[in-house]
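Top to bottom, those sequences are chains A and B.
Note that my numbering has the first sequence beginning at 1, numbered continuously upward.
Note that my numbering has the second sequence beginning at 1, numbered continuously upward.
Yeah, the Cβ is synthetic: ideal placement off N, Cα and C, and Gly gets one too.
2 protein chains.
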Amino acid sequence: MKKIAFVGVGRMGANMARHLKLDCGYEITAVYDVNRSSAVSLAEELGTVAPETLAEVTAAADLIFTVVTNDDAMRAIFLGEGNLLENSSGKTFVNCATLSPGVHREVYQAGKAVGAEVLEAAMASSISQAREGTLYLMIGGEESVFTSNQKVLEDLSVNLRYCGEIGKAAEVKSLVNMVMNINTAALAEGLGLADALGLDLAMVREVFSQTGANSRVLETDGDDMVDRDHECWFSSEHAAKDSGIAADLAASVGLNLPVNEATRAQYENMVARGLGDLDKSGIAELTFKGRGS
Amino acid sequence: MKKIAFVGVGRMGANMARHLKLDCGYEITAVYDVNRSSAVSLAEELGTVAPETLAEVTAAADLIFTVVTNDDAMRAIFLGEGNLLENSSGKTFVNCATLSPGVHREVYQAGKAVGAEVLEAAMASSISQAREGTLYLMIGGEESVFTSNQKVLEDLSVNLRYCGEIGKAAEVKSLVNMVMNINTAALAEGLGLADALGLDLAMVREVFSQTGANSRVLETDGDDMVDRDHECWFSSEHAAKDSGIAADLAASVGLNLPVNEATRAQYENMVARGLGDLDKSGIAELTFKGRGS
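Put into structure tokens, the structure is as follows:
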């Protein structure tokens, strides 16, 4: 059985590691985080080590999962000084963060140059699915590398989909999040206006659910927007980032997507107001009268 | 059994009349349309008459359904010269068009002044549901008037909901359409970008359907956007109008809803380009490379 390490043990990465170790019996040989106390705490919980350097993480494992915050963090761990690719020939990296497709391609090429395999595994799921091994995983990279790691990816997921060459999974993921974010903004505007008009919000949500206004985010975020329960599952800061990735992709192919731009601006507005840590449902703080401003 | 007339026999009104007459056995005593040939044709089909004046329509019936295009058309038939309210004491009007809440209130008050009853019946459904009597109807007006006409409204609908005083159903309906239109614009942007990136659109639609990007409009409009099948069920011109009603409501309560504004601008852009007669799915003509512009 392969020795597995995790780099980036926030809510998602830590729960993936817990699932593989506690539920599936995999050997977790190292965990690492820029927030060292998180790594030390998880290492104690899982009976493993939290090395101080990325080189030690690579040395300790055959298969390294990374779940970092953004493109800059990804470049730091793979392309910065003392990075994961040192002495990484024969190792496999599976990168799970939602990043720009271009960064996945950069890291893939850097890995190839030193004999390491690199996959992307875009996740369209949240924290509880990570813990339960029921993630929705979209894989980009070489198909043979995907196949040789399919077992552990299946153990993490309930739905595993090969999307194509490196970067393609990130493209699909950015589209999912772009559409999800717009639908979320739409719902926040609809419920905010309903509230301002004095309508019964339970009635309005029920009508939405039975008509052309229905959406997955109505199920996941509708109550939270009304109740102002913005405990973070998917942060507004991440929403701003992902809508921005989609906007950059659109610009790269010469497309103008004004509804995504308006949605991105709303999520960036949240970050600017210090609301970026709220769940994406927190966008309702901008659209209900008497909240936010 | 009440004698029933219809004013405005476009696709929706004509099919409601067909259902009541052909499937339920109601007596349709007059039909009227500004496009007189439509009224004459339907009158022949249903064995009724197509009077030349609105006064004759009112005289011929106890219960008059109206399904007109917009606020101006509504004011013309109820407040203009030779309107439906002449000698209308004791008659009941059920107004089914998607209009601004304010116009419903104006017509209600004008009716009360001459002893006529006025309900609004906002429809969150399309043509086939009109023909089959499976509309989603939201009623505004006096509850006693609703109750005394409940049987025929049930015969037209599969879901009948009393929303409150006159205007409240139009408010809920405008919210439904605002959210639906934004979700439609979101889908068109997502699929247009996916296409420009060279992704497999069947795969992308399936991923959307299984993730936070899922929505009712993905089911109803996803294939049509890809196939450019924009046969009109709900026109882009109507979408522009309804997003505008929601924008006016938002302005009236001092709310800024930027994602609705961006969506409204897209649908108004379609109208300006002569694409207003396309189904709302036609918004994809603006977001797929090489279409539209």
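| request: Output yes or no for whether 8 Å exceeds the beta carbon distance between Ala-30(A) and Thr-48(A). | output: yes
Can you grab the Cα-Cα spacing for the pair Ala-262(A) / Met-225(B), in whole Å? 22 Å
* To do: Check distances from the C-beta atoms of the segment 187-198 of chain B to those of chain A and list, in chain order, the residues that come in under 8 Å.
  => Leu-187, Glu-189, Gly-190, Gly-192, Leu-193, Ala-194, Ala-196 and Leu-197
Open item on the list: Can you confirm whether Ser-128(A), when its beta carbon is compared against all beta carbons of chain B, has any partner nearer than 8 Å?
Closed with: no
Open item on the list: Any C-beta of chain A within less than 7 Å: which residues of the segment 232-251 of chain B qualify?
Closed with: Ala-246, Leu-249 and Ala-250
Item checked: Cutoff 6 Å; reference Lys-3(B); Cβ partners in own chain excluding five residues on either side -> Glu-27, Thr-29, Ala-61 and Asp-62
Notebook entry, point to check: Going by C-alpha distance, which of Asn-15(B), Leu-99(B), Ala-14(B) and Val-67(B) is nearest Asp-248(B)?
Noted result: Leu-99(B)
Could you tell me if Ser-91(A) is buried or exposed, where buried requires 16 or more neighbouring beta carbons within 10 angstroms of its beta carbon?
-> Correcting the residue identity first, residue 91(A) is Lys in this sequence and not Ser. Classification of Lys-91(A): buried, given that the 10 Å Cβ count is 16 or more.
Mind checking Thr-53(B): buried by the 16 CB within 10 Å criterion, or exposed? exposed
Taking only three categories from DSSP, how would you classify Arg-291(B)? coil
### Query
How would you label Lys-241(A), buried or exposed, when you count the other beta carbons within 10 angstroms and need 16 or more for buried?
buried
Where Arg-161(A) falls: helix, strand or coil (DSSP): strand
For Pro-51(B) and Asp-221(A), the rounded distance between their alpha carbons: 51 Å
**Study point:** Bounding residues of the beta strand (DSSP E) (the contiguous stretch that carries Gly-140(A))
**Key:** 135-140
Thr-287(B) Cβ short of 7 Å to the ligand SAH heavy atom set
Although the ligand SAH was asked about, the structure shown includes no ligands whatsoever.
Practice problem: Starting from Ile-304(B), find everything on chain A with Cβ-Cβ shorter than 8 Å and list it in chain order. | Solution: Limits of chain B in this structure are 1 at one end and 293 at the other, which puts residue 304(B) out of reach.
| message | According to DSSP, simplified to helix, strand and coil, what is Leu-257(A)? | response | coil
#### Entry: Closest by C-alpha distance to Ile-283(A), when choosing among Cys-232(A), Asn-214(A) and Arg-205(A)
Cys-232(A)
For chain A, check one thing: does any of its Cβ atoms lie closer than 8 Å to the Cβ of Arg-11(B)?
no
Q) Does DSSP put Met-225(B) in a helix, a strand or coil? A) helix
request  = Tell me whether Thr-147(B) is buried or exposed, calling it buried when 16 or more other Cβ atoms sit within 10 Å of its Cβ.
outcome  = exposed
Decide if Ala-185(B) is buried, meaning its Cβ has at least 16 other Cβ atoms within 10 Å, or exposed. buried
Buried/exposed call for Glu-219(A), threshold 16 Cβ in 10 Å = exposed
Amino acids of chain A, ordered along the chain, whose beta-carbon sits closer than 9 Å to that of Leu-255(B): Glu-189, Gly-192, Leu-193, Ala-196, Thr-287, Phe-288 and Lys-289
Kindly list, in the order they appear in chain B, the residues whose Cβ is closer than 7 Å to that of Glu-171(A). Leu-197 and Leu-199
Chain-order list of residues whose beta-carbon lies under 7 Å from that of Gln-150(B) (same chain, five-residue window excluded):
none
ask   = Is the shortest distance between the beta-carbon of Val-204(B) and the beta-carbons of chain A less than 8 Å?
value = yes
Within the segment 148-216 of chain A, ranges of the beta strand (DSSP E) (whole runs, at least 3 residues): 157-164
Would you call the segment 101-108 of chain B and the segment 158-175 of chain B in contact, with 3 or more CB pairs under 8 Å? yes
With a cut-off of 8 Å, do at least 3 Cβ pairs link the segment 187-200 of chain A to the segment 172-185 of chain B?
yes
### Query
Is the shortest distance between the beta-carbon of Ser-295(A) and the beta-carbons of chain B less than 8 Å?
Shown here, chain A extends from 1 to 293; a query on residue 295(A) therefore has no answer.
Original post:
Which value, in whole angstroms, describes the spacing of the CA atoms of Asn-214(A) and Val-40(A)?
Top reply: 44 Å
Q) Going along chain B, which residues have a C-beta under 7 Å from Phe-208(A)? A) Val-176 and Val-179
Since Ala-170(A) and Glu-120(A) should fall inside the 8 Å C-beta cutoff, what is the C-beta to C-beta distance between them, to a whole number of angstroms? 6 Å
At the 8 Å Cβ level, is Ser-281(A) part of the contact set with chain B, yes or no?
no
### Message
When you compare the segment 127-144 of chain A with the segment 153-163 of chain A, are there three or more beta-carbon pairs, one atom per stretch, that lie closer than 8 Å?
### Response
yes
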